[in-house]
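Visitor: Quick note: the sequence shown uses the numbering used here, first residue -12, plus one each step.
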Amino acid sequence: MTDSTRLNLADEIVLGRDFMTLSQHVLSQVGTFSPEAYDLSALMGRIGLAGKTIARHLSRAGLVENVLGVTGEVNVQGEAVKNMDRYANRVFLRAFEQSGLVCRLASEEMEKPYYIPENCPIGRYTLLYDPIDGSSNIDVNLAIGSIFSIRQQEGNDESGEALDLLQSGRKQIGAGYILYGTSTMFVYSLGKGVHAFTLDPSIGEFILSQENICVPERGSVYSVNEGNFWQWDEPMREYVRYIHRQAGNTARYSGALVADIHRILFQGGVFLYPGMVGHEDGKLRLLYESAPLAYLMEQAGGRATTGKQEILDVVPDRLHYRTPLIIGSSENVKVVESFLN
Ligand code: P6P
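#1: Measure the Cβ-Cβ separation of Cys107 and Gln85 and say whether it is below 9 Å.
#2: Under DSSP, the beta strand (DSSP E) around Pro222 begins and ends at which residues?
#3: Which ranges does the alpha helix (DSSP H) cover as unbroken runs of at least 4 residues, wholly within the region 156 to 217, from first to last along the chain?
#4: Could you check whether the region -7 to 2 touches the region 87 to 99, counting it as contact only if at least three pairs of C-beta atoms, one from each stretch, sit closer than 8 Å?
#5: Report the residue from Ser189, Arg250, Val211 and Gln197 whose alpha carbon sits nearest the alpha carbon of Pro311.
#6: Please give the ranges of any alpha helix (DSSP H) in the region 230 to 255, keeping only runs that are unbroken, at least 4 residues long and fully inside the region.
#7: Would you call the region 252 to 259 in contact with the region 123 to 136, where contact means no fewer than 3 C-beta pairs closer than 8 Å?
#8: Tyr371: beta carbon under 8 Å from a heavy atom of ligand 1?
#9: Helix or strand or just coil, what does DSSP make of Glu313?
#10: Do Tyr167 and ligand 1 come close, with the Cβ less than 8 Å from some heavy atom?
#11: Given the structure, does Tyr240 come close to ligand 1, in the sense that its CB is under 8 Å from one of the ligand's heavy atoms?
#12: Whose C-alpha, out of Val257, Gly110 and Tyr112, is nearest the C-alpha of Ala281?
#13: How is His266 classed by DSSP in three states: helix, strand or coil?
#14: Name the two residues that bound the continuous beta strand (DSSP E) containing Val57.
#15: Since Ala243 and Leu129 are thought to touch, with beta carbons under 8 Å apart, how far apart are those beta carbons, to the nearest angstrom?
#16: Is any heavy atom of ligand 1 found at a distance shorter than 8 Å from the C-beta of Ser46?
#17: Do you know how far the Cα of Pro261 is from the Cα of Asn124?
#18: Does Gln64 come out as helix, strand or coil in the three-state DSSP assignment?
#19: Mapping the DSSP letters down to three states, classify Ala287 as helix, strand or coil.
#20: Considering only C-alpha positions, which residue in the set Met172, Thr185 and Ile314 is nearest to Glu204?
#21: Under 8 Å from any heavy atom of ligand 1, does the C-beta of Gly214 make it?
#22: With respect to the beta strand (DSSP E) encompassing Asn274, which residues constitute its N-terminal and C-terminal limits?
#23: Using only the heavy atoms of ligand 1, determine whether one of them is closer than 8 Å to the beta carbon of Leu271.
#24: Near Ile109, which residues of its chain fall below 6 Å by C-beta distance, leaving aside the five closest residues on each side in sequence?
#25: Given a threshold of 16 other Cβ atoms within 10 Å of its Cβ, counted over all protein chains shown, does Gly294 qualify as buried or as exposed?
#26: Spatial neighbours of Phe193 within its chain, please: CB distance less than 6 Å, with the 5 preceding and 5 following residues excluded, ordered by chain position.
#27: Does the beta-carbon distance from Ser325 to Gly206 come in below 9 Å?
#28: Indicate, with yes or no, if ligand 1 has a heavy atom lying under 8 Å from the CB of Asp126.
#29: Looking at Val208: is its Cβ nearer than 9 Å to the Cβ of Met284?
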């Protein structure tokens, strides 16, 4: 390379970093320049576009309409729908209309999957997502997230019941989340490790910030809503009493699953959302919350279980199926299991 084409080393390094964008990284992950590789790269790029659009809207909370507050509706989960839930759900749908990539989208906010017929002959992917996870944090300006899972559509789903989605999390071909925190981060895996990108608003790109993230084998953080203590069964209460007695543990619970998982992914520890009296399956939904996060955690060397079964082996019997969730460092998860079994 002649001097006239070179920059100084520092600028070359910055260019190299800034040009490892999300779409570029997906191509490097798939390792080929096949049509499928470009489809996945474009698909991840559209999810990134949805995340950037949601981050922009969040940044105007309190200044523009329809960011804070509730719509007055109740969703299929029986939860009050926040303005941001509805906005973010629509953003994901718009990101994939006319994309040719995704035939069907399933969301926490929609009772049934949303079909994009013009995409179906081409786009064989289904996107499952929680558009805003932790929406109780929105009105108090705390971290929230979006969670997504990518599956291949099997068959033509003539019944419109999306029965092919009722399979274990091992069928996922990719998963990830967007964390709207002090910075906006995009974390994903296509089965070859977990990689994190940070949004650089000055160029509107997610830039690679951490590659091949490995969750520590054990950690001192335990993340659980202890306000539910007397609704848990005795073995779970015994585990938490054990943690209280053991020196060195730290309680961290943000009210947003994505934020708590992100902390554990980088620092180790365990997140728990157990079953409760009257809600034995817990609160978290399998297909677009627990399964994508379990996929990431296993890719990072951690574990995720219901307490009785690996999350990725659970086969749901309905779209909005819930499971208890114990997820994080392999050693911490093992200790929890020793109390439950
Ligand atoms: P609780 C948010 O509604 C959510 O689905 C997760 O993001 C979060 O971890 C959990 O519920 C919080 O639930 O019952 O502790 O307020």
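Positions of the beta carbon are idealized from the N, C-alpha and C atoms, including for glycine.
Guide: For this structure:
#1: For the purposes of this step, residue 107 is taken as residue 120 along the sequence shown, with counting starting at 1. For the purposes of this step, residue 85 is taken as residue 98 along the sequence shown, with counting starting at 1. Result no, Cβ atoms of Cys107 and Gln85 do not sit closer than 9 Å.
#2: Against the sequence shown, residue 222 aligns to sequence position 235. Counting along the chain, no beta strand (DSSP E) covers Pro222; the unbroken alpha helix (DSSP H) around it starts and ends at Glu221 to Arg232.
#3: Unbroken alpha helix (DSSP H) runs of no fewer than 4 residues, entirely contained in the region 156 to 217, are not found.
#4: Because the criterion of three Cβ pairs below 8 Å is not met, the region -7 to 2 and the region 87 to 99 do not touch.
#5: Within the sequence shown, numbered from 1, the residue matching residue 311 stands at position 324. The residue with the shortest Cα to Cα distance from Pro311 is Val211.
#6: You should have 244 to 254.
#7: Look at the beta carbons and you see the region 252 to 259 not touching the region 123 to 136: under three pairs across the two are nearer than 8 Å.
#8: Since the first residue shown for the chain is -12 and the last is 328, residue 371 is missing from the structure and cannot be characterised.
#9: One-based indexing of the sequence shown puts residue 313 at position 326. First, the residue type needs correcting, since residue 313 is Ile and not Glu in the sequence shown. Under the three-state reduction of DSSP output, Ile313 falls in the strand class.
#10: Taking the sequence shown and counting its residues from 1, one reaches residue 167 at position 180. Tyr167: no, Cβ never under 8 Å from ligand 1.
#11: Counting from one through the sequence shown, the residue named residue 240 turns up at place 253. Yes, since a heavy atom of ligand 1 falls inside the 8 Å radius drawn around the Cβ of Tyr240.
#12: Within the sequence shown, residue 281 is the residue found at index 294, counting from 1. It is Val257 whose Cα lies nearest to the Cα of Ala281.
#13: Reading the sequence shown from its first residue, position 279 is the one you call residue 266. Strand, per DSSP.
#14: Translated into the one-based positions of the sequence shown, residue 57 becomes position 70. Where Val57 is concerned, the enclosing beta strand (DSSP E) stretches over Val57 to Val61.
#15: The residue given as residue 243 occupies position 256 in the sequence shown. The residue given as residue 129 occupies position 142 in the sequence shown. With a Cβ gap of about 7 Å, Ala243 and Leu129 count as contacting.
#16: In the sequence shown, the residue the question calls residue 46 occupies position 59. Every heavy atom of ligand 1 is 8 Å or more from the Cβ of Ser46, so no.
#17: Numbered from its first residue, the sequence shown carries residue 124 at position 137. Numbered from its first residue, the sequence shown carries residue 261 at position 274. Straight-line measurement puts the Cα of Pro261 at about 21 Å from the Cα of Asn124.
#18: The residue you call residue 64 lines up with position 77 of the sequence shown. Of the three classes helix, strand and coil, the one that applies to Gln64 here is coil, per DSSP.
#19: Locating residue 287 in the sequence shown gives position 300, counting from the first residue. Residue state for Ala287 is assigned as coil, using DSSP reduced to three classes.
#20: Here residue 204 corresponds to residue number 217 of the sequence shown, with the count starting at 1. Selected option, being the one with the closest Cα: Ile314.
#21: By 1-based counting over the sequence shown, the position of residue 214 is 227. Relative to ligand 1, the beta carbon of Gly214 is positioned inside 8 Å of a heavy atom.
#22: On the sequence shown, residue 274 is found 287 positions in, with the first residue counted as 1. This sequence places Leu at residue 274; Asn is not what is there. Careful: Leu274 lies outside any beta strand (DSSP E) and carries neither H nor E.
#23: As a working note, residue 271 is residue 284 in the sequence shown. Yes, Cβ of Leu271 sits closer than 8 Å to a heavy atom of ligand 1.
#24: As a first step, residue 109 is located in the sequence shown; it is residue number 122 there, counting from the start. Once the five neighbours on either side are set aside, the close Cβ partners of Ile109 are Gly87.
#25: Locating residue 294 in the sequence shown gives position 307, counting from the first residue. Under this definition Gly294 is a buried residue.
#26: Walking along the sequence shown from the start, residue 193 turns up at place 206. Answer for Phe193: Leu9, Gly35, Phe173, Phe184 and Leu186, listed in chain order.
#27: Here residue 325 refers to the residue found at position 338 when the sequence shown is read from its first residue. Here residue 206 refers to the residue found at position 219 when the sequence shown is read from its first residue. No, the pair does not count as a contact, with Cβ atoms beyond the cut-off.
#28: By 1-based counting over the sequence shown, the position of residue 126 is 139. Answer for Asp126: no, Cβ out of range of ligand 1.
#29: For this step, residue 208 is matched to residue 221 along the sequence shown. For this step, residue 284 is matched to residue 297 along the sequence shown. For the pair Val208 and Met284, the CB atoms are not nearer than the 9 Å cut-off.
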